[in-house]
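Participant: Once you've had a glance at the structure underneath, I'll fire off some questions.
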Amino acid sequence: MQDVGVCEDAITYVSVLKSSGNLGAINSIRQIHKEILLKGYDLDAYLVATLIVSYAKCCSLASAENIFEKCYEHSVILWNSMITGLGMNHEVHDAIGLFKAMKGKGLKPDAITFLCLFTACGRTSVLDIGQEFLNFMTKQYHYLQTSDHFSSIVDLLARSGFLNEAEKFLETLPCTGSDDTWTSLLSASRNYLQTGSGTRCFNQLFQMKPYCASGYVLLSNLFASEKLTRNGGCHPYTNYDEELKSVQSIF
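What the sequence shown shows, in the working numbering, is residues 1 to 251, in sequence order.
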């Protein structure tokens, strides 16, 4: 792009930062950061927010916090990005502290703020705090929950070991949940060796995406791990394919 003389804009940098963050390419992010400063794009709130999250994805919280503190104006999107970054690095109490500081500045959190908080709570399995934020969001600010909020709440319940509650919560929703939500719950079932919950999650996932490879892998790994645990971890589990076939025959 640069070779043919096309100038980069803020949107270009956002795209490259997201890719670099997902790859953990910290050196690439630092180089882009320098270019952003040189070209005066550091006043673009969305671009700066992306930069903060990208650094956080690379576990460079010091860089993310330094950018946040140097911002001329702290809009809600910047607060959200810093809360997200802290949550990614399991710093849930710092994320909560930042939320309180945000309110102390007189800024009104939006629905995305609460999504960031739910995600942060989910990464550290602090269910009680997540429930407080849910009540806060719906009763004080009267925000309607979106599918993303539902997914985060299910993930929070599942990571905290409340698989049945997560499943029941999904059943009460006006929609049946996204395939990502059921995959997340299936993954948690595998972690807690809950074959019943895992089978039901796979059932739902199969109806939505019958060719979803991750669903088959998670379920087969669940049966394998559960059998190994039952046998004291002494014998290799060789028959989980048979059980997987029996599960598929239910549909």
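Glycine is no exception: its CB is placed at the ideal position from the N, C-alpha and C atoms. As the structure is a computational prediction, the values presented were derived from the model and not from experiment.
Can you list, in chain order, the residues of its chain whose CB lies under 6 Å from that of Val14, leaving out five sequence neighbours each side?
Facilitator: Stepping through the sequence shown from its first residue, residue 14 is reached at position 14. Excluding positions up to five away in sequence, the list reads Leu47, Thr50.
Participant: Sorted by chain position, which residues of the same chain lie with C-beta nearer than 6 Å to Gly21's C-beta, five sequence neighbours on each side aside?
Facilitator: Along the sequence shown, one-based indexing puts residue 21 at 21. Counting only Cβ-Cβ distances below 6 Å, and skipping sequence neighbours, we find Ser54, Lys57.
Participant: Considering just the uninterrupted stretch of the alpha helix (DSSP H) at Lys39, what are its terminal residues?
Facilitator: Against the sequence shown, residue 39 aligns to sequence position 39. Following the DSSP letters along the chain, one finds Lys39 in no alpha helix (DSSP H), marked with neither H nor E.
Participant: Using a 10 Å radius around the Cβ and a threshold of 16 neighbouring Cβ atoms, would you call Ile11 buried or exposed?
Facilitator: One-based indexing of the sequence shown puts residue 11 at position 11. Exposed, since its Cβ has fewer than 16 Cβ neighbours within 10 Å.
Participant: Nearest by alpha-carbon distance to Thr113: which of Ile26, Ser63, Phe99 is it?
Facilitator: As a first step, residue 113 is located in the sequence shown; it is residue number 113 there, counting from the start. Of Ile26, Ser63, Phe99, the residue nearest in Cα terms is Phe99.
Participant: Return helix, strand or coil for Ala49, following the three-state DSSP convention.
Facilitator: As a first step, residue 49 must be located in the sequence shown, where it is residue number 49. Of the three classes helix, strand and coil, the one that applies to Ala49 here is helix, per DSSP.
Participant: Near Ser125, which residues of its chain fall below 8 Å by C-beta distance, leaving aside the five closest residues on each side in sequence?
Facilitator: Reading the sequence shown from its first residue, position 125 is the one you call residue 125. Excluding positions up to five away in sequence, the list reads Leu156, Arg159, Ser160, Gly161.
Participant: Taking 8 Å as the cut-off, decide whether the C-beta atoms of Leu173 and Gly198 are in contact.
Facilitator: Residue 173 sits at position 173 when you count from the first residue of the sequence shown. Residue 198 sits at position 198 when you count from the first residue of the sequence shown. With contacts defined by Cβ atoms closer than 8 Å, Leu173 and Gly198 do not form a contacting pair.
Participant: By Cβ distance, which residues of its chain are closer than 7 Å to Tyr192, with the 5 residues on each side in sequence left out?
Facilitator: Here residue 192 refers to the residue found at position 192 when the sequence shown is read from its first residue. Closer than 7 Å at Cβ, skipping near neighbours: Gly161, Leu163.
Participant: Span of the alpha helix (DSSP H) holding Phe99?
Facilitator: One-based indexing of the sequence shown puts residue 99 at position 99. Its alpha helix (DSSP H) spans residues 92–104.
Participant: Going by beta carbon distance, what residues of the same chain come within less than 7 Å of Cys59, once the five residues before and after it are set aside?
Facilitator: Counting from 1 along the sequence shown, the entry for residue 59 is found at position 59. Hits under 7 Å: Asn89.
Participant: Output the distance between the C-alpha atoms of Glu65 and Ile52, rounded to the nearest integer angstrom.
Facilitator: Taking the sequence shown and counting its residues from 1, the one referred to as residue 65 is at position 65. Taking the sequence shown and counting its residues from 1, the one referred to as residue 52 is at position 52. Distance between the alpha carbons of Glu65 and Ile52: 8 Å.
Participant: Can you give me the Cβ contacts of Gly130 inside the same chain, cut-off strictly under 8 Å, excluding the 5 residues immediately before and after it?
Facilitator: The residue labelled residue 130 in the question sits at position 130 within the sequence shown. Counting only Cβ-Cβ distances below 8 Å, and skipping sequence neighbours, we find Leu117, Phe118, Cys121, Gly122, Ile153, Leu156.
Participant: Under 8 Å by Cβ, that's how I've got Thr83 and Ala101 pegged, so tell me the actual separation to the nearest angstrom.
Facilitator: In the sequence shown, counting from the first residue as 1, residue 83 sits at position 83. In the sequence shown, counting from the first residue as 1, residue 101 sits at position 101. Reading the sequence as shown, one finds Ile at residue 83 and not Thr. About 10 Å; that fails the 8 Å criterion.
Participant: In its own chain, which residues sit with a C-beta less than 6 Å from the C-beta of His74, not counting the 5 before and 5 after it?
Facilitator: The count along the sequence shown starts at 1 and reaches residue 74 at position 74. So no residue of the chain qualifies.
Participant: Mind checking Asn135: buried by the 16 CB within 10 Å criterion, or exposed?
Facilitator: The sequence position of residue 135 within the sequence shown is 135, counting from 1. Counting Cβ neighbours within 10 Å, Asn135 comes out exposed, since fewer than 16 surround it.
Participant: Can you grab the Cα-Cα spacing for the pair Leu23 / Gln31, in whole Å?
Facilitator: As a position in the sequence shown, residue 23 is number 23, starting the count at 1. As a position in the sequence shown, residue 31 is number 31, starting the count at 1. Near 15 Å, if we compare the C-alpha coordinates of Gln31 and Leu23.
Participant: Count the other CB atoms, across all protein chains shown, that sit within 10 Å of the CB of Ser19; report buried if there are 16 or more and exposed otherwise.
Facilitator: Residue numbering aside, residue 19 sits at position 19 when the sequence shown is read from its first letter. Exposed is the call here.
Participant: Taking the C-alpha atoms as reference points, what is the distance between His253 and Lys227?
Facilitator: Here the chain has residues from 1 to 251 only, and residue 253 is not among them.
Participant: So within the stretch 94–167, which uninterrupted alpha helix (DSSP H) runs reach at least 4 residues, ignoring any that extend past its ends?
Facilitator: Fully enclosed alpha helix (DSSP H) runs of 4 or longer: 111–124, 127–135, 147–159.
Participant: Output needed for Asp179: all residues of its chain with C-beta closer than 7 Å, excluding positions within five of it in sequence on either side, in chain order.
Facilitator: Residue mapping note: residue 179 aligns to position 179 of the sequence shown, counting from 1. Answer for Asp179: Leu205, Met208, Lys209, Cys212, listed in chain order.
Participant: Closest to Gly85 by C-alpha separation, out of Asn221, Leu61, Leu170, would be which residue?
Facilitator: Walking along the sequence shown from the start, residue 85 turns up at place 85. Comparing Cα positions, the closest option is Leu61.
Participant: Helix, strand or coil for Asp241? Go by DSSP, reduced to three states.
Facilitator: In the sequence shown, the residue the question calls residue 241 occupies position 241. A caution first: Asp241 carries a pLDDT of 46, below 50, which makes its placement in the model too unreliable to give a value.
Participant: Give the C-beta separation of Glu167 and Leu185 to the nearest angstrom, bearing in mind that I take them to be a contact with Cβ-Cβ under 8 Å.
Facilitator: Sequence index remark: in the sequence shown, residue 167 carries index 167 (1-based). Sequence index remark: in the sequence shown, residue 185 carries index 185 (1-based). Indeed, because the Cβ distance is near 7 Å, the residues count as touching under 8 Å.
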